[in-house]
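These protein sequence lines are chains A and B, in that order. In the working numbering, each residue carries its 1-based index in the first sequence increased by 62. In the working numbering, each residue carries its 1-based index in the second sequence increased by 62. Working notes, beginning with the structure itself.
There are 2 protein chains.
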Amino acid sequence: MSTKQKPADRALHLEQFLPYRLNVVGFFASRALGRVYGTRFGIGIPEWRVIAQLGEFGQLTSRDIGELSQMHKTKVSRAVSELDKRGLVTRAENRADRREAFVALTAAGQRLYAQIVPLALAFEERWIEGIAPEELRVFERVLAMLTERGRHLAGAYQTEEA
Amino acid sequence: MSTKQKPADRALHLEQFLPYRLNVVGFFASRALGRVYGTRFGIGIPEWRVIAQLGEFGQLTSRDIGELSQMHKTKVSRAVSELDKRGLVTRAENRADRREAFVALTAAGQRLYAQIVPLALAFEERWIEGIAPEELRVFERVLAMLTERGRHLAGAYQTEEA
DNA sequence: TGACATTAGTTGCGCTTGTAACTAACTGGA
DNA sequence: TCCAGTTAGTTACAAGCGCAACTAATGTCA
């Protein structure tokens, strides 16, 4: 008899099952943030992600936005359309490749971005408040590893996966 | 001038923004697991959670299931109905309180549970493989703190929140 | 006992989502 | 130059979701 226990013999406790726990905390995160954006600015998570990327990078194609913010292209398409309709972004055809368009924040979009950023950072701050910095660093490093491995295990959409 | 920087002055980088990162990793987790359950057993995440809780606790009301697995009562209701339709669970009225019913796995449900558990554990194992145990412990402790605080920040559904 | 509040669970509804199919545009080799 | 293959982005469709409203049963308090 081996001292090594077969995995099949171990019991499962959902509340300690890592995929479940990550899903729950991610759900809380997006729900809480969604409330902030939704109630004060009338936008959802996908719209927020588009704005955040444009605020950071200035000008992007929808494809770039999707890749940077891990969103399906249809979600990006709809979010950009919505923001366009509200006058928060513009779309400018790329003359060198007329399939794609450069999306950028309008002045109104930039003002909105400038309003949201401090709220988002304050939210994050309040969330991690009181957690020891070096523990947080470990947490973030492990999180990065899990995310990278999870990306492959999940096979993110039809993209890459070589 | 204070050396303490005002939060509003800091820049936001979405890919380092914690709520975003948690949401992404949670998405990968549920997508990857959903594939395993979906392709091999034809069930979704909500159904899996119901089965997992019943496999662990034996007999529960829908209310209990929802609380234990962080699901909205309508989601629980639909998942239980689906599992009932497939003959994987039974519902037995509680005679002491006829509003509620005890849900339990049938023999077929228990067999399914016994099949899924090792796969779920193997998946988790493969995911955390190679991560230093003490880093993982730190990770899980911080995760628990973030989850608990996130629960309050999000105000999980219409429940509690006192 | 009776009336009102609360709770477990279901269902109608509208919204969001991903898949698949599509259009339009570009690429690269023969 | 042409044509098959690829890519950016949109849209039709069906499935899944939460909210609100509902039913039926229980709890509470006078």
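Each residue gets a CB set at the ideal place from its N, CA and C atoms; glycine is no exception. Note that the structure is a prediction, hence the values are computed from the model and not measured.
>> Out of Arg111/B, Phe185/B, Gly171/B, Ala176/B, which one is the CA nearest neighbour of Lys147/B?
In response: Gly171/B
>> Does the structure place the stretch 171–187 of chain B close enough to the stretch 182–200 of chain A that three or more beta carbon pairs sit under 8 Å?
In response: Output reads no: the stretch 171–187 of chain B does not touch the stretch 182–200 of chain A.
> Can you name the residues that DSSP bridges to Phe164/B?
Replying inline: Ala154/B
> Just reading off the alpha helix (DSSP H) that Glu191/B is part of, what are its end residues?
Replying inline: Careful: Glu191/B lies outside any alpha helix (DSSP H) and carries neither H nor E.
> At which residues does the alpha helix (DSSP H) containing Ile227/B begin and terminate?
Replying inline: In the structure displayed, chain B extends from 63 to 224; residue 227/B sits before or after that span and is not available.
>> Taking 8 Å as the limit between beta carbons, can you name the residues of its chain near Thr168/B, skipping five residues before and five after?
In response: Gly149, Leu150, Val151, Thr152
> Nearest to Ala73/A by alpha carbon, out of Leu198/B, Gly88/B, Gln177/B, Arg213/B?
Replying inline: Nearest option by C-alpha distance: Gln177/B.
>> For His75/B and Gln132/A, I'd like the C-alpha separation in whole angstroms.
In response: Looking at the two C-alpha atoms, the distance is approximately 14 Å.
> Leaving out the 5 sequence neighbours to the left and right, which residues in its chain are closer than 8 Å to Leu116/A when beta-carbon positions are compared?
Replying inline: Leu122, Ile127, Val151, Val165, Ala166, Leu167, Gly171, Tyr175
>> Let me check one thing: in DSSP terms, what residues is Leu122/B bridge-paired to?
In response: Val165/B
> Alpha carbon to alpha carbon, how far is Val200/A from Ile113/B?
Replying inline: Between the alpha carbons of Val200/A and Ile113/B lies a gap of roughly 33 Å.
>> Here's the rule I'm using: 16 or more other beta-carbon atoms within 10 Å means buried, otherwise exposed. How should Asn85/B be labelled?
In response: By the Cβ neighbour-count rule, Asn85/B is buried, with 16 or more other Cβ atoms within 10 Å of its own.
> Going straight from the alpha carbon of Arg93/A to that of Tyr99/B, what length do you get?
Replying inline: 25 Å
> Nearest-angstrom Cα distance between Glu109/B and Phe103/B?
Replying inline: 11 Å
>> So with CB distances below 8 Å, who are the chain B contacts of Val87/A?
In response: Simply Leu84, Gly88, Leu205, Leu208, Thr209, Gly212.
> What residues in the stretch 89–101 of chain B have a beta carbon less than 7 Å from any beta carbon of chain A?
Replying inline: Phe89, Phe90, Ala91, Ser92, Arg93, Ala94, Leu95
> What do you get for Glu223/A, buried or exposed, if any count of 16 or more other CB atoms within 10 angstroms of its CB means buried?
Replying inline: Low confidence applies here, because Glu223/A scores a pLDDT of 31, under 50, leaving its location unreliable and the question unanswered by this model.
> Buried or exposed: Arg157/B, going by 16 or more other Cβ atoms within 10 Å of its Cβ?
Replying inline: exposed
> Got a sec: is the Cβ-Cβ distance from Ile127/A to anything in chain B below 8 Å?
Replying inline: No, because no Cβ of chain B sits closer than 8 Å to the Cβ of Ile127/A.
> How about His134/A: is its C-beta nearer than 8 Å to some C-beta of chain B?
Replying inline: no
>> If you measure between the beta carbons of Ile105/B and Met207/A, is that distance less than 8 Å?
In response: no
> Closest Cβ-Cβ distance between Arg153/A and chain B: below 8 Å?
Replying inline: Residue contact with chain B for Arg153/A: absent (no Cβ-Cβ distance below 8 Å to any residue of chain B).
> Using the C-alpha atoms, what's the distance from Thr101/A back to Pro69/A?
Replying inline: Residue confidence for Pro69/A is low, a pLDDT of 45 falling below 50, so the modelled location carries little weight and cannot support an answer.
> Which residues of chain B have a Cβ atom closer than 7 Å to the Cβ of Arg72/A, listed in chain order?
Replying inline: For Arg72/A, the neighbours in chain B by C-beta distance under 7 Å run, in chain order, Leu183.
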